[in-house]
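Numbering (this note's numbering), first residue to last: 20 to 357.
For glycine and all other residues, C-beta sits at the position ideal for the given N, C-alpha and C.
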């Protein structure tokens, strides 16, 4: 479904982006198996056959639907196996796991083995209060998932066990003064820096739209040899929804914009790795921008991975806010370095 241009639907969508999410479903079985129907997307620019968009080449995508009431609100994901098995978080307080399949032409073809599990407190009870489990950012390394939460602002680490996700094992100092984080504009990006770069694989967090006095976006290096607060230059009316480091050390950011007049837009921006440093204002060029003439929605999740033929891949997912006006999308691109 593509959004209509009607003012009423856009107004409703604006409200959903700003304050969305339904109550979390009551606790059921520890792990819920979810059947996903995936409709292939062959054109990124609707009605056009081109595949190259700046340095990004569209490979294919999926529109994902399910009759399961908890499916949706996918806010961040990371691959556990490149282009295959993944873990993610929904901002309704769920973990999700699954696998992306590909056809003979290397295009995404489906989603298999999809499971969801509600986040739990220290006693193992499901957490039903949305504001406590508004999970937005995710990083994965060595069997540990690091999650950024909004509203109840925190960055917490969990041991990854797809059959039994438990309470966090620890919480991290996120460096940014708590009073500078806006309630619903906290850490949407949680990612590990380049292991061979200046931050030696340390964790980096970037807020959605918590701004300093100069109007730049608060961010921080929270682990590694050079911990400290920095900012990202805010460019236009876009907010940051996720990010991941590229092999060369640059930071790829996913950004989203919404207005009643224009609808939703998405953008990918490449932040120079050397500008990700304590006290600096990080910045870099826009690689691609897309509006509602393209197969996009409320794009919130990003991961970078290397395909078995050496291609550098960028995968994106959208958050449907459990709304009939929005879609759960998975999109896949090659990032060309020439």
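I think residue i touches residue j, with their Cβ atoms under 8 Å apart; what is that distance to the nearest whole Å?
i           : j           : result
residue 110 : residue 164 : The pair is not a contact, with the Cβ atoms about 15 Å apart (cut-off 8 Å).
residue 344 : residue 333 : About 26 Å separates the two Cβ atoms, so there is no contact after all.
residue 261 : residue 95  : 6 Å
residue 325 : residue 127 : About 16 Å; that fails the 8 Å criterion.
residue 167 : residue 205 : 7 Å
residue 223 : residue 295 : 7 Å
Note down the Cα distance separating residue i from residue j, rounded to an integer number of angstroms.
i           : j           : result
residue 277 : residue 105 : 28 Å
residue 69  : residue 62  : 8 Å
residue 131 : residue 54  : 8 Å
residue 353 : residue 225 : 24 Å
residue 48  : residue 250 : Since pLDDT at residue 48 reaches only 46, below the 50 mark, its modelled position is unreliable, and the value read off the structure follows with that caveat. C-alpha separation (whole angstroms): 42 Å.
residue 59  : residue 297 : 43 Å
residue 315 : residue 75  : 15 Å
residue 274 : residue 123 : 31 Å
residue 247 : residue 194 : 6 Å
residue 280 : residue 179 : 42 Å
residue 129 : residue 201 : 37 Å
So the candidates are the options; which of them puts its Cα closest to the Cα of residue i?
i           : options               : result
residue 271 : 280, 255, 301 and 248 : 301
residue 149 : 203, 83, 213 and 237  : 203
residue 157 : 89, 108, 197 and 294  : 108
residue 331 : 60, 210, 78 and 258   : 78
residue 175 : 241, 129, 237 and 117 : 241
residue 82  : 269, 90, 92 and 56    : 56
residue 90  : 98, 114 and 290       : 114
residue 177 : 168, 169 and 187      : 187
residue 342 : 85, 279 and 142       : 85
residue 120 : 289, 98 and 209       : 98
residue 214 : 227, 264 and 205      : 264
residue 335 : 93, 67 and 291        : 93
residue 319 : 257, 67 and 125       : 257
residue 309 : 192, 144 and 285      : 285
residue 52  : 267, 160, 118 and 329 : 118
Comparing the C-beta of residue i with each C-beta of chain D, is any distance below 7 Å?
i           : result
residue 172 : You won't find chain D in this structure, because it holds only one protein chain.
Please list, in chain order, all residues of the same chain as residue i whose beta carbon is under 7 Å from its beta carbon, the five residues on each side excluded.
i           : result
residue 50  : 134, 136 and 182
residue 112 : 43, 137, 138, 146, 149, 152 and 154
residue 197 : 172
residue 289 : 269, 271, 303, 304 and 306
Using 10 angstroms around the beta-carbon of residue i, count the other beta-carbons present and answer buried if the total reaches 16, otherwise exposed.
i           : result
residue 283 : buried
residue 368 : Outside the modelled stretch of the chain, which goes from 20 to 357, sits residue 368, for which no answer is possible.
residue 351 : buried
residue 304 : exposed
residue 346 : buried
residue 142 : exposed
residue 169 : buried
residue 259 : buried
residue 208 : buried
residue 253 : buried
residue 210 : buried
residue 66  : exposed
Consider the C-beta atom of residue i and the heavy atoms of the ligand HEM; say whether any pair is separated by less than 6 Å.
i           : result
residue 114 : With respect to small molecules bound, the structure shown includes none, and the ligand HEM cannot be examined in it.
Within its chain, find whatever has a CB closer than 8 Å to the CB of residue i; leave out the 5 residues flanking it on each side and keep chain order.
i           : result
residue 219 : 212, 243 and 244
residue 199 : 229, 231 and 237
residue 190 : 173, 174, 175 and 176
Considering only residues of the same chain and omitting the five flanking positions on each side of residue i, which have a CB-CB separation below 6 Å?
i           : result
residue 307 : 72, 73, 75 and 287
residue 184 : 114 and 136
residue 64  : 313
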